[in-house]
Amino acid sequence: MKHPLLKLEPLIWLLFGQGILLGTVLLTPWVLVVGLAIPLGIVPEDALSYERATMLASHIFGRLILFGLIVLPLWKGVHHMRHTFIDFGGAERDAWVAPLLYLLATIGSVLAVVAVVRI
Amino acid sequence: MSDGHQKKTFVITRFDPDQDEAPRKQSYEIPVHPDWKVLDALNFIKDEIDATLSHRWSCRMAVCGSCGMMVDGEPRLTCKEALSQYGDTVDVAPLANFPVVRDLVIEADGFMEKLTHVKPWIIRAKELAVEEGPMRQSPGELEEFKQFSMCINCMLCYSACPVVANEPEFIGPAAIALGHRYSLDSRDEGAAERNKVFRGEGSVFSCSFANECSEVCPKHVDPAAAVNQAKLNAVIDWATDLVLPRGGEPPQLPDHFPFSGRYLAYTLFDLTGILYLLLGFLVLCAVWSLGSGEAVWNDMLERHRNIFYLGFHAIALVGLIFVGIRFFGFFPKAQPPRVGPVKPPPKGVILVGLYALWIGVTVCLSIVLAGGVF
Ligand code: SF4
Ligand code: FES
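So the sequence lines, in the order shown, correspond to chains A and B. Sequential numbering from 150 applies to the first sequence in the numbering used here. Sequential numbering from 192 applies to the second sequence in the numbering used here.
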């Protein structure tokens, strides 16, 4: 498993880095509004009524941003979890934990494509 | 130069990565001198006939190791081989078993890396103080490794080796000979470390004792001897490890790891990975529900009012701000001084730009999401 992973490492690192940078930038407004302001009633719920949400999300930029909002955090997430796992003494099991985590992110990324296409 | 008495045809492998799909052959018929080496002919072609031909050479006296090529299918130093021993047609190709950069030039990075793996330097448990004077070595002690130190890194042995051909990760003859040379040195104390390397990835045990390396070595290093001596050492090392595991205490993690002192921020930063993974999947669910119709979408919004969702998002917000501040602080110094001809802006500007991006996108997207515009 080590060899294919080594080959993919540059790509994984790139996604990971952008997950921190762009991912954080994009997630902040998402969490502020969708995660907190709307559920708490600070912003009226019809801001993201089904019609308006569909309108925003089906625009090409909407789809792109949503895609980034899913894929980037996933890769930042699994890569950091892999590091955490190693730091807490799991280095010997990295050989199967790492592929498993990356597989999870890959599945999520594939679903992300489907999700933004079917809006 | 060209008033030779005899003519020979050189069939040379050409490869231009920008144009050619695969290497091709090109023939040159040239007049040759009786005292020429193969390299002289290549230089003649390059200078007089086809300046696009690429090949490597430097010393012309079999010490720099750069002019190795396949001559009539055998790995040879072209500066060393007399042309007279070849027939009327001479086939010249880049060294086998290496990626080709262009024409007769091969890519040596992999080999260079292997050389460093074997720790080719004198390793001491403790450096001698200068006052203790030089480390003495008797002629007998020198003799033990001298042969293995004559290597000129010409890589002929790699291109002759059938194991290298099939297992590119094999450390290979010259690198093993070099490592072994240091392990044999009376001043060195690093044999145990090198034995670990020799037993590790691309191990000495890949060698099937074909002896081809020693057949082609122009400096009589006899790398096959080194590889097979190294095997025995590696076996002894392995057996000793079994009987009396050595190395004292295993390496210890630094104090305070991972949750206090200097490491706290680092560990927390890594732990935000879980938040991001969950956020990614939450957004995925949201987008998915949007595609599944109004009822599902409204359920999703409803679910976000749940206290666990709210709590999670509050923690996530703290996590995002923490990641942003920590990472944006590091980001400017991760930029290279220059990318090609382009210089990145000064570090302060990058930092301000990042925060502006973060705050700007947050404000704009928040307004859009909250129904302020559109
Ligand atoms: S061992 Fe001999 S053939 Fe191999 S790189 Fe050294 S000099 Fe060349
Ligand atoms: S040119 Fe230096 S070894 Fe041949």
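Quick reminder that beta carbons are idealized off the backbone N, C-alpha and C, glycines included.
Under the Cβ criterion of 8 Å, glycine 363 of chain B is not counted among the residues facing chain A.
Valine 540 of chain B has its alpha-carbon roughly 39 Å from the corresponding atom of glutamate 194 of chain A. Identification of residues in the region 195-220 of chain A having a C-beta nearer than 8 Å to some C-beta of chain B yields Asp195, Ala196, Leu197, Tyr199, Arg201, Ala202, Thr203, Met204, Leu205, Ala206, Ile214, Leu215, Leu218, Ile219 and Val220, given in sequence order. Shown here for serine 258 of chain A: same chain residues with a beta carbon closer than 7 Å to its own, the five before and five after excluded, namely Val220 and Leu223 in chain order. Excluding its 5 nearest sequence neighbours in each direction, serine 394 of chain B has no C-beta neighbour in its own chain below 7 Å.
Straight across, the Cα-Cα distance linking valine 478 of chain B with glycine 471 of chain B is about 11 Å. Within the region 178-189 of chain A, those residues whose Cβ lies closer than 8 Å to any Cβ of chain B are, in chain order, Pro178, Trp179, Val180, Leu181, Val182, Val183, Gly184, Leu185, Ala186, Ile187, Pro188 and Leu189.
Residue-level contact check: proline 535 of chain B does not touch chain A, since none of the beta carbons of chain A fall below 8 Å from its beta carbon. Set against 7 Å, the gap from the CB of cysteine 408 of chain B to the closest heavy atom of the ligand SF4 is smaller.
Closer than 7 Å to some heavy atom of the ligand SF4: that describes the Cβ of isoleucine 343 of chain B. For glycine 239 of chain A, no chain B residue has a Cβ inside 8 Å of its Cβ, as the nearest lies near 12 Å away.
Proximity of the beta carbon of alanine 365 of chain B to the ligand SF4 is indicated: a heavy atom of the ligand is located closer than 7 Å. With a minimum length of 4 residues, the unbroken runs of alpha helix (DSSP H) contained wholly in the region 260-327 of chain B fall at 300-308. Residues of chain B with a Cβ closer than 7 Å to the Cβ of lysine 225 of chain A are, in chain order, Gly464 and Tyr467. Lysine 228 of chain B has B:Ala273 as its beta-bridge partners, per DSSP. Remark: the C-beta of proline 414 of chain B is in contact range of the ligand SF4, defined as less than 7 Å to any heavy atom.
Using a Cβ distance threshold of 8 Å, phenylalanine 206 of chain B and arginine 267 of chain B do not count as a contacting pair. With a threshold of 16 other beta carbon atoms within 10 Å, proline 285 of chain B meets it and is buried. Here alanine 202 of chain A is actually not in contact with tryptophan 549 of chain B; their C-beta atoms are around 24 Å apart, not less than 8 Å. Among the CB atoms of chain A, none fall inside 8 Å of the CB of proline 222 of chain B. Taking the C-beta atoms as reference points, lysine 237 of chain B is found no nearer than 8 Å to alanine 253 of chain B. Interface criterion not met: the Cβ of proline 290 of chain B is under 8 Å from no Cβ in chain A.
In the DSSP annotation of this structure, glutamate 392 of chain B is not part of any alpha helix (DSSP H), being labelled neither H nor E.
Assigned with DSSP and collapsed to three states, threonine 203 of chain A falls in helix. Per DSSP, serine 340 of chain B lies in no beta strand (DSSP E) segment and is marked neither H nor E. Contacts between threonine 553 of chain B and chain A, judged by CB atoms closer than 8 Å, involve Val174, Thr177, Pro178 and Leu181 in chain order.
The beta carbon of isoleucine 161 of chain A does not come within 8 Å of any beta carbon belonging to chain B, so the residue lies off that interface.
Contact check between the region 381-391 of chain B and the region 324-340 of chain B: fewer than three CB pairs, one atom from each, fall below 8 Å, which does not count as touching. With a cut-off of 8 Å on Cβ pairs, the region 450-468 of chain B is in contact with the region 227-234 of chain A, counting three or more such pairs. Taking 8 Å as the CB threshold, aspartate 432 of chain B stays off the interface with chain A. Looking at the backbone, the Cα of aspartate 243 of chain A and that of glycine 531 of chain B are separated by about 36 Å. Using a cutoff of 7 Å, the CB of leucine 347 of chain B counts as near the ligand SF4, since one of the ligand's heavy atoms is closer than that.
Residue burial is scored here from C-beta neighbours: proline 536 of chain B has fewer than 16 other C-beta atoms within 10 angstroms and is therefore classed as exposed. Three or more pairs of CB atoms, one per stretch, sit closer than 8 Å, so the region 367-383 of chain B contacts the region 409-428 of chain B. For the region 243-262 of chain A, the beta-carbon criterion of a distance under 7 Å to any beta-carbon of chain B is satisfied by Gly257, Leu260 and Ala261. Residues of chain B whose Cβ lies closer than 8 Å to the Cβ of proline 222 of chain A are, in chain order, Tyr467, Leu468, Leu470, Gly471 and Val474.
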